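In the working numbering, the protein residues as written are 4 to 216.
Following: one structure in structure tokens, then a few remarks.
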């Protein structure tokens, strides 16, 4: 669905849009405009059917990355917006960066980060509303870093009682993790139930602190 972005989009308006099943995009990183999107088929990763390949399990066992949450949100979204040889065009413009940074300040947008040797190696960011998490974008500067971040995100959502992991669209890459296309009407019901429920994005941290304590 495309249309005018007037009245001005604010972080609060953005949350209301997510609750209605729509989200903004830009034509490119250099285009200042935004348009609303409501896919006929919505990408979803069922949390109880998340698939981790054998090779990725081996990568996880190596524990090469340090996982952090919300320590470098601005750097993560900037990396997701950056053009690279593998991704010469992105849909994240300066308005989207500003809006989602605002959501982060409100506690509704989070980054999951993979660090190695003190450097940000990859990660992802998304929006939290009720028991729904809307994955926005991911990036990797080192092999498998974004995949490891996604695995950690799913573990975090499961621990916190989340009901919906929305990926907006499916891609061959996401389908390898179990992503499926959900018709709009079915998605609307899944969304309604998820945002009406409670979830704790930081439950896994408290559980770890209790074990260590």
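No residue lacks a Cβ here, since even glycine has one placed at the ideal position from N, Cα and C.
All figures in this text were calculated on a predicted structure; none of them were measured in a lab.
Check	Outcome
Counted within 10 angstroms of its Cβ, other Cβ atoms place residue 82 as buried (16 or more) or exposed	buried
Residue 208: first and last residue of the uninterrupted alpha helix (DSSP H) it sits in	206–215
Beta-carbon proximity of residue 181 to residue 152, cut-off 8 Å	no
Through-space distance from residue 212 to residue 94, alpha-carbon basis	38 Å
Three-state class that DSSP yields for residue 176 in the structure shown	helix
Residue closest to residue 54, alpha-carbon to alpha-carbon, out of 146, 169, 154, 172	154
Option in 99, 85, 23 with minimal Cα separation from residue 38	99
Under 8 Å between C-beta atoms of residue 47 and residue 25	no
For residue 27, the first and last residue of its enclosing beta strand (DSSP E)	26–28
Spatially closest choice to residue 80 from 18, 157, 32, 56, by CA coordinates	32
Backbone CA spacing between residue 14 and residue 103 [nearest angstrom]	7 Å
Which listed residue (206, 71, 85) has its alpha carbon closest to that of residue 96	85
Element boundaries [beta strand (DSSP E), containing residue 113]	112–119
Beta-carbon spacing of residue 112, residue 194 below 8 Å	no
N- and C-terminal bounds of the beta strand (DSSP E) containing residue 38	38–40
The region 194–203 in contact with the region 69–79 per 3-pair CB rule at 8 Å	no
CA-to-CA distance, residue 190 to residue 16, given in whole angstroms	21 Å
Endpoints, beta strand (DSSP E) assigned at residue 171	167–171
Counterpart residues of residue 58 in DSSP-defined beta bridges	DSSP lists no partner for residue 58.
Within 8 Å, strictly: CB atoms of residue 129 and residue 139	yes
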